[in-house]
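Residue numbers (our numbering): 2 to 362.
Below you'll find the structure, written out as structure tokens, and then a few comments.
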Ligand code: COI
């Protein structure tokens, strides 16, 4: 049930509950949380109800809650930006809630009312506006999350859900910032199979990736580049983001075929590149093509895109023990231009030709 009448209550933190704000120059990613959170509940009888902004706090859950056993959990990630003149801006927030509803459908979870969620998000960000960093490139990361809360052990969709939004002031996702990162091309473990849940932003996809991530980090890499599950041949995505290649001056990215995340930054990058007149190609790219391109010079750039990662150049790939240096390990001009343009739009410094930015205040 999508309750259009959903009222949103506000319970403000009292002065003793307000937290000390962190040093803006050392935020890292997702380590600090603001003074408030949004929360609401869903039951099959009542639909969404009890929607409120409240002081950030623990919640108590029955140990039999279905999320702990069968992992019905989905989430989103988006950011609030402090623009010039202290404007507060959100980047394509409706796209996040629409994608959350696609994830919900795949995971047999209830859909959220997009317009009400946007209202709740704006109210939360406005209430915690002093937490939006002013340091260059730093933002307020927002994490809408839905989990199955019914206490029951039979395997079926839960009849109760909890939805909440956390807000966290963040700096760059990778300590390298915009500097190129080193990536391990994973040829043993796989992330998603056709017909599976790869395109849903569900917690299990991330849990399944952690082993490959930690093993790659032990070898000195920041992330993994996933290959397809059937042939271990075609590029899928990077651990936390979508993969892009510049090959013979064309911008190439794997198509959305059900196994990769439909990234909102991915979509934005494709639109910007199209605006600039670049040839863009959503097609399958084999790891062999990448290797050959690195050898004959046709592979010009590799980078990844995501809300947390923004645009992250990939300077070095390791595949089956072989190191592939991309653009001499440096950030390339396309990644640089996309990063500059996207950040300038997001921080309200440049024209927003696609009306992506939503003003909070
Ligand atoms: C995001 O980019 O917002 C994500 O959800 C990826 C996560 C691993 C930080």
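Every residue gets a Cβ at the ideal spot worked out from N, C-alpha and C, and that includes glycine.
Item                                                                                                                         : Value
Nearest-angstrom Cα separation, counted from residue 291 out to residue 297                                                  : 10 Å
Bridge partner(s) assigned by DSSP for residue 145                                                                           : 166
CA-to-CA distance, residue 303 to residue 179, given in whole angstroms                                                      : 13 Å
Sequence ranges, beta strand (DSSP E) only - wholly within the region 224 to 288, length at least 3                          : 224 to 228, 236 to 239, 243 to 248, 251 to 254, 281 to 283
Which of helix, strand or coil DSSP assigns to residue 42                                                                    : strand
Beta-carbon gap between residue 203 and residue 67 smaller than 7 Å                                                          : no
Cβ neighbours of residue 12 in the same chain (closer than 8 Å, five flanking residues each side left out)                   : 53, 54, 55, 56
Residue 77 classed as buried or exposed, judged by whether at least 16 other C-beta atoms fall within 10 angstroms           : buried
Residue 60 burial status per 10 Å Cβ neighbour count (16 or more: buried)                                                    : exposed
Enclosing beta strand (DSSP E) for residue 358 [first to last residue]                                                       : 358 to 360
The region 241 to 250 / the region 261 to 276 touching (three or more Cβ pairs under 8 Å)                                    : yes
Any non-hydrogen atom of ligand 3 within 6 Å of residue 29 CB                                                                : Summarising the ligand content, the structure contains ligand 1 and does not contain ligand 3.
The region 155 to 173 in contact with the region 26 to 39 per 3-pair CB rule at 8 Å                                          : yes
Cβ pair residue 176, residue 314 closer than 7 Å                                                                             : no
Sequence-distant residues of the same chain with beta carbon closer than 8 Å to residue 50, five excluded per side           : 4, 7, 41, 42, 43, 44
C-beta atoms of residue 184 and residue 318 nearer than 7 Å                                                                  : yes
Three-way DSSP call (helix, strand, coil) for residue 53 in this model                                                       : strand
Residue 358 burial status per 10 Å Cβ neighbour count (16 or more: buried)                                                   : buried
Exposure label - residue 147; buried when at least 16 CB within 10 Å                                                         : buried
Chain-ordered residues, beta carbon under 5 Å from a heavy atom of ligand 1                                                  : 78, 241, 307, 308, 309
Buried versus exposed, by CB contacts within 10 Å (16 or more), residue 293                                                  : exposed
Own chain partners of residue 257 with C-beta closer than 8 Å, once the 5 adjacent residues on each side are dropped         : 200, 263, 283
Proximity winner among 342, 306, 163, 102, relative to residue 62 (alpha-carbon distances)                                   : 163
Neighbourhood of residue 236 by C-beta distance below 6 Å, restricted to the same chain and skipping five residues each side : 244, 255, 286
Identity of the residues DSSP links to residue 317 by a beta bridge                                                          : 183, 326
Beta-carbon gap between residue 187 and residue 213 smaller than 7 Å                                                         : yes
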